[in-house]
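Student: Here it is: the structure, laid out below.
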Amino acid sequence: MTINHRLPRGGNGSSQFLLERKRNFQLSTPNSQFAEALWPLLERQALAYTRWESESLPAETVEELYRSLCFCVAEGQKAGAEENPEAQLAAGQRALYRRSQNAKRLLEAVRRSARSFGNRAYRDSLAIMEAFLAHYDIRFMAHRVPAGLDYPLARPVPESLPGVLYVEAWLAQLLLENRLLAAFPKGRVHLVLRAASPDPAGLLLNLWEPVFTNALGLALLHENPQGLDISPALRAKLAALCKAHRQNKEKLLEAAERLCTALGLWDEAPRALCRRMAASLALRLAEAKGLRDVFVTLGTRPSWGGAG
Amino acid sequence: MNKLLPSAIRPLLACNRLSAPYGLALSAAEAEMLALRREVALKDNGRIAFGDGIWRQLVYHFCDSPFLAPESYTDTLAELLACFYHAKSEGLGDWPDEELLAYMRRQFDGVCQGSADYLAGTVLEAACRAARFGQAPPAGGGPANEDDCDVETEY
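Right, here's the structure in full:
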């Protein structure tokens, strides 16, 4: 028997769904696939959640337990467990445990490579991640994702990813951005951040994005990207270049490839990220009134951030 | 109205073994009505129940109450169960079922003098309010008094 283990949508809709299912289960012959296959498991999970002290739970809690159950069973199926949902649940929980251990290793790697430049959102997000992984509840709430991750990644992780899958993707992305930032001199990066944001420590700022933008600008002009400084003269050249070429996107994609080569990045993940960010920059350039706040000059302060 | 399965009624009829020594028993029709009222109470309070063990616990805790009479037995059970689920959803959700039922029984026989309305509207309401503020239920089970926030010794 094939069961649809897709996660139900959140909100009242799925509460209603569960209430309806429960009513069907009790009031009619239990012939639906759901009732046959997952309801006994959900019942066991729910009673275990109350430590066998209560026979009823709020519908919202049951809905969360159900989402977690679906997620674990689906992971068990992916892990090749046999058809029996109970075996799939156990296999899924084992698979998620292994993934949570992997996420802890990723977090350690992120911490080792972290150059937060005093950015509060970066530091706080790592602390939230650490607390989440320390208390990750595979048994009952495996689908939950950490709340309050303020640090904006250069390429956001899909919010549809449940539980530790989201955490792994988030940490892998941050590790990649750390690796890219490490290719540039720390002092220069710091100057770029100060030129790009009035408060690089306090504001929600992706650390890699302004560094990449300046490096890409230099790669576009066939200059050394490690310098990271776009002087007013270079900015004027960039403006002329952008004006002359209607197909900015292709030029920027070529420059992204040149940048990765110059930095010695040969594997696909950083190249894909740089290409994607170059494509986004093309859109930003098309909308920008001037290039002063796009390609920044080291030692200056952003024009939109007040004095400086 | 949906016709309930015999499996939903059977646990209620099984409770007659507990209550019969006290002159209290449910007919099949009364059991069916109670099972339906339980569904309504669950729905009204946004809860989902797993299993039918609550009937046995409810009857076990209340069957020897001097305030239960054969002619009002069914209605009283339905009212008590509605109180129970309401209290669960309004602040006493963390209490184990057994403890909440034992508390209800003490108050039902004590300050409520057999009034399910008083139990729901005053005693449990005060206990829920206290629980939401992280406090123990008011001593004596009455309405919460700002000067009277003692922890009830027996709970």
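Keeping their order, the protein sequence lines are chains R and B. Each residue of the first sequence is one higher than the one before, starting from 40 at the first, in my numbering. Each residue of the second sequence is one higher than the one before, starting from 2 at the first, in my numbering. Beta carbons are placed, not taken as given, at the ideal position from N, Cα and C, and that holds for glycine.
#1: So B:Pro97 contacts chain R; which residues on that side make the cut at Cβ distance below 7 angstroms?
#2: Kindly indicate which three-state DSSP category R:Ile177 falls into: helix, strand or coil?
#3: When DSSP labels each residue in this structure, what does R:Ala166 get in the three-state scheme?
#4: Taking 7 angstroms as the threshold (C-beta atoms), are B:Ala36 and B:Ile10 in contact?
#5: Please return the same chain residues whose Cβ sits closer than 7 angstroms to the Cβ of R:Leu145, not counting the five positions on each side in sequence.
#6: Scan the segment 111 to 152 of chain R and note each continuous alpha helix (DSSP H) run of 4 residues or more that stays entirely inside, going in chain order.
#7: Could you list which residues in chain B have their beta carbon closer than 9 angstroms to that of R:Glu125, in chain order?
#8: I'd like the span of the beta strand (DSSP E) that includes B:Ile49, first residue to last.
#9: In its own chain, which residues sit with a C-beta less than 7 angstroms from the C-beta of R:Thr68, not counting the 5 before and 5 after it?
#10: So, is B:Phe134 buried or exposed, given that buried needs 16 or more other C-beta atoms within 10 angstroms?
#11: Between the segment 191 to 205 of chain R and the segment 225 to 232 of chain R, can you find at least three pairs of beta-carbon atoms closer than 8 angstroms?
#12: Does chain B have any CB closer than 7 angstroms to the CB of R:Asn70?
#13: Can you give me the Cβ contacts of B:Ala113 inside the same chain, cut-off strictly under 7 angstroms, excluding the 5 residues immediately before and after it?
#14: Cutting at 7 angstroms between CB atoms, please list the residues of its own chain near R:Phe110, excluding the five before and the five after it.
#15: Please state whether the Cβ-Cβ distance between R:Pro309 and R:Leu192 is less than 7 angstroms.
#16: Can you list the residues of chain B that R:Leu96 reaches, using a CB-CB cut of under 7 angstroms?
#17: Could you tell me the distance, in whole angstroms, from the CA atom of R:Asn63 to the CA atom of B:Arg48?
#18: When you compare only the Cα positions, how much space is there between R:Tyr190 and B:Glu99?
#19: Inspect the CB distances between the segment 137 to 155 of chain R and the segment 96 to 111 of chain R and report whether three or more fall short of 8 angstroms.
#20: In the DSSP output, what is R:Ser270 paired with across the bridge?
#21: Are B:Leu19 and B:Tyr61 close, meaning C-beta to C-beta below 7 angstroms?
#22: Given R:Asn351, which residues of its chain have a CB within under 7 angstroms of its CB, disregarding the five upstream and five downstream residues?
#23: Tell me which residues share the same chain as R:Glu248 and place their Cβ nearer than 6 angstroms to its Cβ, disregarding the 5 neighbours each side in the sequence.
#24: So the candidates are R:Ala327, R:Leu242, R:Glu121; which of them puts its Cα closest to the Cα of R:Ser155?
#25: For R:Leu255 versus R:Ala294, is the C-beta spacing smaller than 7 angstroms?
Tutor: Here's the rundown:
#1: Glu92, Ser93
#2: coil
#3: helix
#4: yes
#5: Glu207, Leu210, Ala211, Leu214
#6: 124 to 152
#7: Residues of chain B passing the Cβ test: none, with the nearest at roughly 17 angstroms.
#8: 48 to 50
#9: Because R:Thr68 carries a pLDDT of 36, less than 50, the predicted location of this residue cannot be relied on, and no value is offered for it.
#10: exposed
#11: no
#12: Its pLDDT being 43, under 50, R:Asn70 is placed unreliably in this model, and the coordinates cannot settle the point.
#13: The sequence shown places Cys at residue 113 of chain B, rather than the Ala named in the question. For B:Cys113, where only same-chain residues beyond five positions count, the Cβ hits under 7 angstroms are Tyr119, Leu120, Val124.
#14: Leu46, Ala181, His182, Pro201, Gly202
#15: no
#16: Arg48, Ile49
#17: Caution applies to R:Asn63, whose pLDDT of 44 falls short of 50 and renders its modelled position unreliable; the value that the coordinates give is listed next. Looking at the two C-alpha atoms, the distance is approximately 15 angstroms.
#18: 46 angstroms
#19: no
#20: Bridge partners of R:Ser270: none, in fact.
#21: yes
#22: Residue 351 of chain R lies beyond the residue range present for chain R, which begins at 40 and ends at 347; the question has no answer from this structure.
#23: Ala193
#24: R:Leu242
#25: yes
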